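Here is the structure we will look at, set down as structure tokens.
In the numbering used here, the protein residues as written are 4 to 289.
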């Protein structure tokens with residue numbers, strides 16, 4: 004079980020992949036951020052995690068002097084990318100992956116804060132690769148959780164590092180304006196067209212039947228959309244009132260996340276001409 008994974012202890016998932024859990028458990032990160040080290044003779048470090056000294060030292064012990072080809076980042080949240088700076092300083096490896104993103108909106112945040120210092124040496128686009136002895140990581144654009152989110156395929160073993168796009172414990176927070184439900188759903192559909200054997204997410208256990216999980220996630224989001232439309236068909240409602248009806252028994256610490264996800268659905272429905280804002284409330288377009 005994911006709850007039993009100790010922090011700082013390397014766990015071999017397959018010959019090319021080792022996982023180390025960071026000590027940053029929270030309602031938004033589950034047991035913590037999972038950093039994956041890819042390779043045997045030389046390595047890549049995928050999502051170095053928070054700027055935590057104990058996690059940093061655990062990664063250096065795991066690398067054990069082997070060349071680090073790249074520090075690979077799926078997206079710019081504070082639980083995924085800040086550890087890259089110190090690793091670059093000590094290993095000389097470049098930071099590659101997601102594009103930097105400057106968020107101008109000052110609205111409420113439901114997910115970990117953005118990493119203001121994230122500055123990759125090389126931005127990867129769809130299909131770009133980094134590689135080493137016997138391994139390749141190929142960028143797969145999966146926007147939605149963030150605009151710059153990337154997953155990384157390991158074609159040698161048909162594995163996919165799914166970051167926060169697909170997690171092993173919960174659906175992702177989609178928090179506008181950086182999070183986008185239209186993009187998120189399209190990215191899930193994109194993964195259905197692949198033939199990956201396993202997903203290694205940023206949080207939660209590995210996913211050994213990824214197609215089934217992705218189909219379930221799409222169905223879950225469509226159910227949420229249906230809930231919203233049924234509620235608004237009865238009367239215009241503000242988002243907090245919708246969350247109260249839709250998320251019965253929700254941990255109060257997660258209400259902000261739920262409100263942001265409902266907003267993301269409403270923006271998507273508005274684009275499709277199905278709902279409209281009415282002051283602080285939303286209504287169905289007849």
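By construction, the Cβ of each residue, glycine as well, lies at the ideal position given by its N, Cα and C atoms. All values reported here derive from a predicted model rather than from experimental measurement.
**Request:** Give the range of the alpha helix (DSSP H) segment to which residue 79 is assigned.
**Result:** Careful: residue 79 lies outside any alpha helix (DSSP H) and carries neither H nor E.
**Prompt:** Thinking C-alpha only, which one of 22, 135, 70 and 167 is nearest residue 77?
**Reply:** Comparing alpha-carbon positions, the option among 22, 135, 70 and 167 lying closest to residue 77 turns out to be 167.
**Asked** Would you say residue 164 and residue 50 are within 9 Å of each other, going by their C-beta atoms?
**Response** Yes, these two residues count as a Cβ contact at 9 Å.
**Unbroken alpha helix (DSSP H) run spanning residue 134, endpoints** = Looking at the DSSP string, residue 134 is not in any alpha helix (DSSP H); the run it does join, the beta strand (DSSP E), is 132-135.
**Through-space distance from residue 120 to residue 237, alpha-carbon basis** = Approximately 46 Å, taken between the alpha carbons.
**Prompt:** Exposed or buried, what is residue 226 when buried is set at 16 or more other beta-carbons lying within 10 Å of its beta-carbon?
**Reply:** Residue 226 should be labelled exposed.
**Message:** Here's the rule: buried if 16 or more other CB atoms are within 10 angstroms of the residue's CB, otherwise exposed. What is residue 190?
**Reply:** With 16 or more other Cβ atoms from the protein chains shown falling within 10 Å of its own Cβ, residue 190 counts as buried.
**Opening and closing residue of the beta strand (DSSP E) in which residue 100 lies** = From DSSP, the beta strand (DSSP E) with residue 100 extends over 98-100.
**Request:** Identify the continuous beta strand (DSSP E) that holds residue 17 and give its terminal residues.
**Result:** Boundaries of the beta strand (DSSP E) around residue 17: 14-17.
**Asked** Within 10 angstroms of its Cβ, does residue 262 collect 16 or more other Cβ (buried), or is it exposed?
**Response** It counts as buried.
**Asked** Between residue 162 and residue 199, is the Cβ-Cβ spacing less than 9 Å?
**Response** Yes.
**Asked** Under a CB-based cut-off of 9 Å, is residue 243 close to chain B?
**Response** The question asks about chain B, but that chain is absent: this structure has only one protein chain.
**Request:** Go through its chain and collect everything with a Cβ distance to residue 138's Cβ below 7 Å, but skip five positions before and after it.
**Result:** Within the same chain, residue 138 has close Cβ partners 19, 41, 42, 157 and 159.
**Euclidean distance between Cα positions of residue 256 and residue 135** = Roughly 42 Å between the two C-alpha positions.
**Item:** From 215, 55, 123 and 29, residue whose alpha carbon lies closest to that of residue 73
**Value:** Considering only alpha carbons, the answer is 123.
**Request:** Could you pull the start and end residues of the beta strand (DSSP E) that residue 242 belongs to?
**Result:** Looking at the DSSP string, residue 242 is not in any beta strand (DSSP E); the run it does join, the alpha helix (DSSP H), is 242-249.
**Request:** Out of 258, 252 and 287, state which residue places its alpha-carbon closest to the alpha-carbon of residue 269.
**Result:** The residue with the shortest Cα to Cα distance from residue 269 is 287.
**Prompt:** Per DSSP, what kind of secondary structure is residue 255 in: helix, strand or coil?
**Reply:** It is helical.
**Message:** Buried or exposed for residue 14, going by 16 or more other Cβ atoms inside 10 Å?
**Reply:** Exposed, by the Cβ-count rule.
**Item:** Alpha-carbon to alpha-carbon, residue 273 and residue 291
**Value:** The first residue shown for the chain is 4 and the last is 289, placing residue 291 beyond what the model contains.
**Message:** Taking its Cβ as the centre, do 16 or more other Cβ atoms sit within 10 Å of residue 178, making it buried, or is it exposed?
**Reply:** Flag for residue 178 reads buried.
**Prompt:** Between which two residues does the alpha helix (DSSP H) carrying residue 92 extend?
**Reply:** Per DSSP, the unbroken alpha helix (DSSP H) holding residue 92 starts and ends at 86-94.
**Length of the line joining the Cα atoms of residue 22 and residue 16** = About 7 Å.
**Request:** Would you kindly work out how many angstroms separate the C-alpha atoms of residue 284 and residue 242, rounded to a whole number?
**Result:** For residue 284 and residue 242, the distance between alpha carbons rounds to 7 Å.
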